[in-house]
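S.K.: Residue numbers (the working numbering): 1 to 226.
By construction, the Cβ of each residue, glycine as well, lies at the ideal position given by its N, Cα and C atoms.
Okay, handing you the structure first.
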Amino acid sequence: LALKIQNRTKTGERALSLIIKQKKTTKYIGTIFFMDKIKDDAKDTISKLFQKGLDIKIISGDNLNICAFVGKNVGLIESEDEVIEAQNLQFDTPTILKEQLSQYKIIARADPIQKYKIIENLKTFHKVAYLGDGVNDVPSISLADIGIVVENTTPQVKERADIIFATKHLHPLIDGIVESRKIYENIQHYLTHSLTSNLNNFVTISVLLLFLQYLPILPIQILIGN
1 LALKIQNRTK TGERALSLII KQKKTTKYIG TIFFMDKIKD DAKDTISKLF
51 QKGLDIKIIS GDNLNICAFV GKNVGLIESE DEVIEAQNLQ FDTPTILKEQ
101 LSQYKIIARA DPIQKYKIIE NLKTFHKVAY LGDGVNDVPS ISLADIGIVV
151 ENTTPQVKER ADIIFATKHL HPLIDGIVES RKIYENIQHY LTHSLTSNLN
201 NFVTISVLLL FLQYLPILPI QILIGN
């Protein structure tokens, strides 16, 4: 029975077994299998996020088989070798943990404390955005540089988040990355133009002062020009 359940989890199904305990005996009732459908646009979204230079990881409380199934279907991993259970991570040795987190893209069977420690380690060498939807994700959302939640989560989680998605899709994240990078580039262009212009004024005035006995241009005129 255990082997049958394990085999079905390899296809992404979760298992809930029912048992009745009577004094010193237990009676097995049955097992319910259910599955969370992967969104049709998930694989395309993951691919686009990779193209934007993001490193994506899944930190889940689900078992290794389910995590591996989801990871393969969204294009995050190619084999189970890129999945590790949280209990096998070296939390007591930060340098080894850093290497493990660089090697594995999916961490399975992670509890809230382990999730927090993973985010804490990732922050030492990355800017970290964390997407969660449950109360047990609150510590990790608070710790991350950017906490992300969906609209229909609990108020406690929303209070800690920096970004709230109005829809259950990652497309707004891609749009946000594209637009924010455009804004950043525009700011850089403006600063370059402004500094170049002021440097020209400074050099010109400095040279003219060698020959003139008065200011060729007043500070207020430079400010008005800017």
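1) In whole angstroms, give me the CA-to-CA distance for Leu76 and Ile46.
2) Shortest alpha-carbon distance to Asn136 belongs to which of Thr26, Ala86, Leu218 and Lys115?
3) For the alpha helix (DSSP H) containing Thr9, list its first residue and its last residue.
4) Ordered along the chain, which non-local residues of its own chain (more than five positions away) have a Cβ less than 8 Å from that of Lys123?
5) Can you tell which of Leu208, His171, Leu223 and Leu131 has the C-alpha that lies nearest to the C-alpha of Thr153?
6) Buried or exposed: which applies to Val149, given that a residue is buried once 16 or more other Cβ atoms fall within 10 Å of its Cβ?
7) In whole angstroms, give me the CA-to-CA distance for Leu208 and Ile217.
8) Please name the residue, chosen from Ser79, Leu215 and Arg109, that lies closest to Asn201 on a Cα-to-Cα basis.
9) Looking only at its own chain, which residues have a Cβ that is under 7 Å from the Cβ of Val83, when we skip the five neighbours before and after it?
10) Start and end of the beta strand (DSSP E) containing Arg14?
11) Can Leu101 and Gln90 be called in contact, C-beta distance under 7 Å?
12) Give the DSSP-derived three-state secondary structure of Ile220 in the structure shown.
13) Could you name each continuous beta strand (DSSP E) segment of 3 residues or more that falls completely within the region 88-131, going from the start of the chain to the end?
14) Of all the alpha helix (DSSP H) runs that stay within the bounds of the region 38-78, which reach a length of 4 or more residues?
15) Kindly give me the distance between the Cβ atoms of Ile19 and Thr11, rounded to whole angstroms, as I take these residues to be in contact under 8 Å.
M.R.: The relevant details are as follows:
1) 7 Å
2) The closest CA to that of Asn136, considering only Thr26, Ala86, Leu218 and Lys115, is found on Lys115.
3) Ala2 to Thr9
4) Short of 8 Å from the beta carbon of Lys123, and not among the five residues preceding or following it, lie these beta carbons of its own chain, in chain order: Leu143, Ala144 and Asp145.
5) Each of Leu208, His171, Leu223 and Leu131 was checked against the Cα of Thr153, and the nearest Cα belongs to Leu131.
6) buried
7) 10 Å
8) Leu215
9) Leu64, Cys67, Ala68, Gly71, Ile77, Tyr104, Ile106 and Ala108
10) Arg14 to Gln22
11) With contacts defined as CB atoms closer than 7 Å, Leu101 and Gln90 fail to qualify as a contacting pair.
12) helix
13) 106-108 and 129-131
14) Every alpha helix (DSSP H) stretch that sits fully inside the region 38-78 and reaches 4 residues is listed by chain position as 42-51 and 64-73.
15) That pair is no contact at about 23 Å.
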